[in-house]
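Numbering-wise, the working numbering comes out as the position in the sequence shown, counting from 1, plus 576.
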Amino acid sequence: MNRLVPAKWARASAQENAEVIPRLHLPAPGAKLRRRLARAAAAVLALFVVVVAASIVYVLTLPGVGGAQARVDDILALHHGVAAATPPPRKLSTALVDVEDEHFYSNVFVNVLDGAGRAAVAALQTSQDPGGSTIPQQLAKQLYGERGTLAEIGLAIKLSLRYSHTEILSMYLNAVYYGNGYWGDVAAARGYFGKDPQALDWGQAALLAGLPQAPSAYDPLVHYALAKARQRHALDQLVVNHALTEAQADAAYRQPLGLR
């Protein structure tokens with residue numbers, strides 16, 4: 577036989593239960609998830625610190641780049657090239673940066689990340705042209721023979737930290753091959769157009785800036801249509817980066833090249 581509980585006892589029991597519940601210290605909803613996320617973030621941060629430290633140690637083990645200019649001079653001497661005066665010619669250097677390395681003037685580490693991304697693309701697309709590496713990486717390839725490796729990226733970092741943008745551009749323009757036996761921008765400008773690099777018009781500068789990526793494929797004396805397509809790409813990049821207007825780029829494209 578059920579007996580009714582007096583109201584005062586029922587109230588007392590409810591009060592006792594209310595006091596017990598807080599003492600259990602039950603976790604708030606989502607607390608476990610937040611702790612897991614915090615632990616995961618700490619693990620990722622620790623891994624990042626380890627990778628950065630290992631990268632710094634690796635870069636320090638690479639050869640010094642203090643003799644980079646001497647290596648450029650050796651390349652020119654070997655191929656009977658002519659060293660260009662500094663600073664590098666404005667139109668040619670602007671076209672080169674816009675077509676090859678848009679992040680060249682960014683923070684050095686932004687440029688390194690860009691180069692690392694390009695290296696990853698090159699590794700994944702071994703049968704395709706990924707679009708070239710950054711200018712410091714290309715200079716590292718030219719001077720130290722490191723191609724598509726961590727050493728190439730590490731040497732690019734060293735070059736970027738040691739030399740100014742102007743010096744890197746000048747060394748690059750002097751050291752690369754433009755096809756038809758022309759090493760350096762002086763030999764290329766004189767050989768293709770009969771003028772010094774500083775005297776190039778925008779159309780000629782755009783054509784010359786596009787040659788180092790594939791000098792034989794874009795040889796204007798043999799593959800004129802491909803060379804013009806590459807020139808068009810360079811001019812379009814100059815428009816994208818606000819160096820030229822569309823009208824100026826179109827006019828430069830229609831301008832006769834004056835090839836010798």
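The C-beta atom is built at its ideal place from N, Cα and C for all residues, glycine as well.
By the CB criterion at 8 Å, residue 736 and residue 712 fall inside the cutoff. Out of 752, 825, 725, 682, the CA that lies nearest to the CA of residue 648 is found in 752.
The residue among 748, 813, 828, 615 with its C-alpha nearest the C-alpha of residue 659 is 748.
Cβ contact annotation for residue 835 (same chain, cutoff 8 Å, sequence separation greater than five): 768, 769, 796, 797, in chain order. In the DSSP annotation of this structure, the continuous segment of the alpha helix (DSSP H) that includes residue 670 starts and ends at 666-676. Sequence-distant partners of residue 794 (beyond 5 residues in either direction) whose C-beta falls short of 7 Å from its own C-beta, in its chain, are 786, 787, 802, 803, 806.
By the Cβ neighbour-count rule, residue 720 is buried, with 16 or more other Cβ atoms within 10 Å of its own. Burial is judged here by how many other beta carbons sit within 10 angstroms of a residue's own beta carbon; residue 758 has at least 16 and is buried. Under the DSSP definition of a beta bridge, residue 753 partners with 759. Counting other Cβ atoms within 10 Å of its Cβ, residue 773 reaches 16 or more and is therefore classed as buried. Each residue's CA atom was taken as its position, placing residue 669 and residue 726 some 26 Å apart.
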